[in-house]
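Chemist: Dropping the structure in here first, questions after.
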Amino acid sequence: MPAILEPDRVLRELSELWEELGRQQPEGGVLRACALTLVVLMEESEDSQATGETVARLMRDHPSRAIEVRVRAGAERVLSARVLAQCWMPFGQREQICCEQIEITVSEGALGDLAPVLPPLAAPDLPVVLWCRSPRLLELPEFPALAQAAGKLIVDSTAFPDPAAALGLLAARPALPRLADLAWTRLTRWRELIAQIFENRRYEACLGKVTAARVIFTGERPPAHAYYLAAWLLNGLEAAGSTAGVELEREPGAGDAAVTGVELTAGGLEPRRFSVRQTEAGAAEIRVDGLVNRTIFEMPDDYTLMREELSITGPDPVFERALGRAARLAGKG
Amino acid sequence: MQPVIPPSNPFEDPLRFERRVPELAMVIFGANGDLTRRKLLPALYRLSLERRLPPGFAVVGTSRTPMSDEQFRQKMREAVAEHLENSPFDEQVWDGFARGLFYQAGDLRDPAGYQALGAKLQEVEEKRDTGGNVIFYLATQPSYYQAAAEGIGRAGLARGNGWRRLVIEKPFGHDTGSARELSRKLHEFFPESEIYRIDHYLGKETVQNILAFRFGNGIFEPLWNRRYVNHVQITAAESIGVEGRAAYYQEAGALRDMIQNHLLQVMATVAMEPSATYDAQAVRDERAKLLRSIRLMRPEEVEANAVAGQYGPARVGGADLPGFRQEPGADPQAQTDTYAAATFFVENWRWAGVPFFIRTGKRLPKRVTEIAIGFHPAPHALFADRGGQSIPNLLILRIQPDEGISLKFVSKQPGAGMKLRPVSMDFNYGSSFGERTPAAYETLLLDAMLGDPTLYTRQDMVEASWSVVEPILAVWASRKFDFPNYPAGSWGPPEADAMLARYGQSWRKP
């Protein structure tokens, strides 16, 4: 396999692909949709079919030029590409909607050659998002150069063996593009439920009087998102005037590393207890003293998490504030 | 306008969280009726499913039928399970939601009923921490609006320790005078800022998208005027008939039922000036200004600029469809317009001389709502003999179904020579944003709870749109039509085609 990748050739093949698709659909035609370039950096050993399916689902929400980069371990020089289209036909319509996909296979030995070809392969004038699926790749010396092509980098700190180290690494990142962490994205529903409770003015008035807060988790040690949740709670409580700390409490019993509950206790003249607990797979219970509400609470998959992240194109100040604090909490152990 | 998200909640993350509402109770008058069962409760349940409602959210249903809270919950459970669209029915979510449902029987004309309602609201506030915030939703016959507002006011329920809002459904009167009188009565107890007049068309995502399209992009607004736009066509076609509503419909007719409210609001959204801010008052000011700028027809102009139609029986696709007069409950001699079309002109600098053709009808060939902006042809016919001369550019804003935007333009056919053909550039709302589009009622209920009236109609807008259609209604009331004048399944009466032909145009066949 030659270790040369010419962007012009790849783009020409893409253009021929569109012509061919158009010829196949003389009646309704093909609708080409593109809102961003999504670069997916993954190990070649990873289940590429599962990742491909996630990317294909994302195309419907965020039509993209997808560039899947599969990194092969080893010093042998490999750099090749092929193009294909992801198409679907919306129900009841004649036109197919298609997004384009470029698959690149690169060996670690040739990774240094990839960075210069990514920018010309990206769709012009549109945001470029880099989704790095492997912690190992994030730490390769060639990674910063690859990340320069992107305006946003998405990682998942729960995939790192040591959450504390992962959060430290992300918080201290040097010249990386704007960062997103799927461990934080996993918390959106938790955070939404908690925030919703305090839309009530009477409950909100109790926030400054919160004396104790707990984040409950399963697993041997707190996962990265437990630190994030604790950090976010601390930021919110501080803003409300509370000096309470947040405890991370392990729930007895076996289970994967996950957050299972949050509790806040407020003192003062009107003591109150607020909690959100995951009751079983797919459900959560919100309690304010005796007032109980239940809601659907699905565990988000990669598609759901990425869909949310791709919809955020600008800075994310709430995350930025939580990241620094979570890293400090995790660093303290 | 009140802030959409209270800034004091330190846990808010507007970048990621959907809009959330504060604590409140919603009182639904007509809780046993169709609107409540088909639209309101499914929309509220849906908001609960999406975690948009506060934990203590409560509904107090009221109607004449005696029922316990539990019976009301059971009845609403059946209604939601039956009428919920594009969503799963989840027992657990329902159980939580149903704990906030309460019922109080009462007659709208009986003052004692409002006292009992007040006591019930007090009880609910204590149980659910609703903070004294109440929305009164009148899902009743319009003839009860005044009585209900008065009953609420006289019982002291229009004021309290939280905010109080009143939501009403169209029709808002049957002419300018009655609309004004209705507003006057409502204002005795509720200020205009707390009255929310629902026009569910404005809650549709794609109608809201018109504002995003026009004012969020820099390239279209410079073309959005008489210099470039030749005419505008607004179509709201329904393939169904009156579906058992003949008795109501023959009192209203298409002009009152659709054009006076929904389609004039859509026209105002298409033609209004940009507001200085995206603020409820500013946006509604511009809509109102546009409605007031529509030239009122003189009686002698009505014949040429407005067309009434009524469908007759026809066989379509093997099915025998009845005419309007054969519909159950319809008067066999009814003079009801099941089709209405009109040509309006806006008297301002932007739109002077540009005709706005509006049509709506029942039993047309398909269900479609769209706005087509027809641009002037190129000033010099360079390609006159090559198929390109008579194809002006067309921008189509599709509201339903297949929501989206298409731009038609001509392009050179590939190959030697210079032959032109029309092509279409399409943006499909649903497939470009894969998320489920919220139903109009979800959007509007959420807005009312948040105190955002941007998509609601204001008194001056209602009166202005009545003024626009009243001259037509007056002429039509004085004449006898030779109905039916279009067969079910066709695009309306030939007079509507003739109306456009006078302007050198023809209706689109969407």
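Chains as they are written, first to last, in this note's numbering: chain A, 512 to 844; chain B, -1 to 508. All residues carry an ideal CB built from backbone N, CA and C; glycine is no exception. For clarity, every value in this text was computed on a predicted model and none was experimentally measured.
Within the 7 Å Cβ cut-off, does Pro8(B) reach chain A?
Modeler: Yes - at least one Cβ of chain A is within 7 Å of the one on Pro8(B).
Chemist: Taking the alpha carbon of Glu710(A) as the point to measure from, which residue in Asn159(B), Arg254(B), Arg18(B) has its own alpha carbon closest?
Modeler: With distances taken between Cα atoms, Glu710(A) lies closest to Arg18(B).
Chemist: What would DSSP say about Pro420(B), mapped onto helix, strand or coil?
Modeler: Pro420(B) falls in the strand class under three-state DSSP.
Chemist: Tell me which same chain residues have a C-beta within less than 7 Å of the C-beta of Arg568(A), skipping the five on either side of it?
Modeler: Same-chain partners within the cutoff: Tyr814.
Chemist: Within this structure, are the beta carbons of Ala145(B) and Arg107(B) separated by less than 7 Å?
Modeler: Yes, they are a contact pair.
Chemist: Determine the chain A residues that contact Val132(B) at a beta-carbon separation under 7 Å, and present them in chain order.
Modeler: None at all; the shortest Cβ gap to chain A is about 15 Å.
Chemist: Have a look at Val757(A) and Leu718(A) and give me their C-alpha separation to the nearest angstrom.
Modeler: Spanning the two alpha carbons is a distance of roughly 13 Å.
Chemist: State the Cα-Cα distance for the pair Trp489(B) and Gly239(B), rounded to the nearest angstrom.
Modeler: For Trp489(B) and Gly239(B), the distance between alpha carbons rounds to 14 Å.
Chemist: When DSSP labels each residue in this structure, what does Trp701(A) get in the three-state scheme?
Modeler: It is helical.
Chemist: Where does Gly149(B) fall in DSSP's three states?
Modeler: Helix.
Chemist: For a test of the three-state rule: what should DSSP assign to Ile708(A), helix, strand or coil?
Modeler: DSSP places Ile708(A) in helix when its eight states are reduced to three.
Chemist: Name the one or two DSSP bridge partners that Met24(B) has.
Modeler: Answer is Val57(B), Ile133(B).
Chemist: Closest to Leu115(B) by C-alpha separation, out of Thr128(B), Leu155(B), Gly94(B), would be which residue?
Modeler: Of the candidates Thr128(B), Leu155(B), Gly94(B), the one whose C-alpha sits nearest the C-alpha of Leu115(B) is Leu155(B).
Chemist: By the DSSP assignment, the beta strand (DSSP E) with Lys406(B) in it spans what residues?
Modeler: Looking at the DSSP string, the run of the beta strand (DSSP E) that includes Lys406(B) is 402 to 410.
Chemist: Along the stretch 83 to 94 of chain B, what residues have a CB closer than 7 Å to any CB found in chain A?
Modeler: The residues in question are Asp88, Gln90, Val91, Asp93, Gly94.
Chemist: Where do the ends of the beta strand (DSSP E) carrying Ala245(B) lie?
Modeler: Taken as a continuous stretch (DSSP letters only), Ala245(B) belongs to no beta strand (DSSP E), being part of the alpha helix (DSSP H) at 244 to 252.
Chemist: From which residue to which residue does the alpha helix (DSSP H) around Glu236(B) run?
Modeler: No alpha helix (DSSP H) contains Glu236(B), which DSSP labels as neither H nor E.
Chemist: Confirm, please, whether the CB-CB distance from Leu759(A) to Ala737(A) is below 7 Å.
Modeler: Contact flag set, yes.
Chemist: Residues bridged to Val726(A) by DSSP?
Modeler: The partner list for Val726(A) (beta bridge, DSSP) reads Leu759(A), Val773(A).
Chemist: Between which two residues does the beta strand (DSSP E) carrying Met553(A) extend?
Modeler: Start and end: 547 to 554.
Chemist: Going straight from the alpha carbon of Met416(B) to that of Val408(B), what length do you get?
Modeler: So the alpha carbons of these two residues sit roughly 12 Å apart.
Chemist: Is the CB of Val799(A) under 7 Å away from at least one CB in chain B?
Modeler: True, the Cβ-Cβ gap to chain B drops below 7 Å.
Chemist: Can the beta-carbon of Glu236(B) be found closer than 7 Å to that of Lys360(B)?
Modeler: A contact, by the Cβ cut-off of 7 Å.
Chemist: What separation, rounded to the nearest whole angstrom, lies between the Cα atoms of Ala633(A) and Leu680(A)?
Modeler: Taking the straight line joining both Cα atoms gives about 28 Å.
Chemist: Taking only beta carbons into account, state which residues of the stretch 258 to 281 of chain B come closer than 7 Å to chain A, listed in chain order.
Modeler: Here the close residues number zero.
Chemist: How long is the line joining the alpha carbons of Lys183(B) and Ala103(B), rounded to whole angstroms?
Modeler: Going from the Cα of Lys183(B) to the Cα of Ala103(B) covers about 24 Å.
Chemist: Counting only Cβ pairs nearer than 8 Å, list the residues of chain A close to Val366(B).
Modeler: In chain order: nothing, as chain A lies at least about 13 Å away.
Chemist: When you compare the stretch 330 to 347 of chain B with the stretch 293 to 307 of chain B, are there three or more beta-carbon pairs, one atom per stretch, that lie closer than 8 Å?
Modeler: Cβ pair count under 8 Å is three or more, so yes.
Chemist: Return the chain-ordered list of same chain residues with a C-beta closer than 6 Å to the C-beta of Pro733(A), the five sequence neighbours on each side being excluded.
Modeler: Cβ within range, chain order: Leu759.
Chemist: Using alpha carbons as the reference points, say which of Cys610(A), Arg520(A), Ala586(A), Glu579(A) lies closest to Leu532(A).
Modeler: Ranking the options by Cα distance to Leu532(A), first place goes to Cys610(A).
Chemist: Taking Cβ to Cβ, would you say Val550(A) is nearer than 7 Å to Ile515(A)?
Modeler: Contact flag unset, no.
Chemist: State yes or no: is the C-beta of Ile665(A) within less than 7 Å of the C-beta of Glu564(A)?
Modeler: Not a contact, by the Cβ cut-off of 7 Å.
Chemist: Identify every run of the beta strand (DSSP E) within the stretch 246 to 334 of chain B, keeping only runs that are complete inside it and at least 3 residues long; order them along the chain.
Modeler: Counting whole runs of 3 or more residues, the stretch 246 to 334 of chain B contains the beta strand (DSSP E) stretches 304 to 307, 312 to 314, 317 to 319.
Chemist: Quick one: list the residues of chain A neighbouring Arg18(B), beta-carbon separation under 9 Å, in chain order.
Modeler: Chain A residues near Arg18(B): Glu703, Ala706, Gln707, Glu710.
Chemist: Using the Cβ count rule (16 or more neighbours within 10 Å means buried), how would you classify Gln139(B)?
Modeler: That one is exposed.
Chemist: Taking DSSP's pairing of strands, which residues face Leu119(B) in a bridge?
Modeler: Paired residues: none, contrary to the question.
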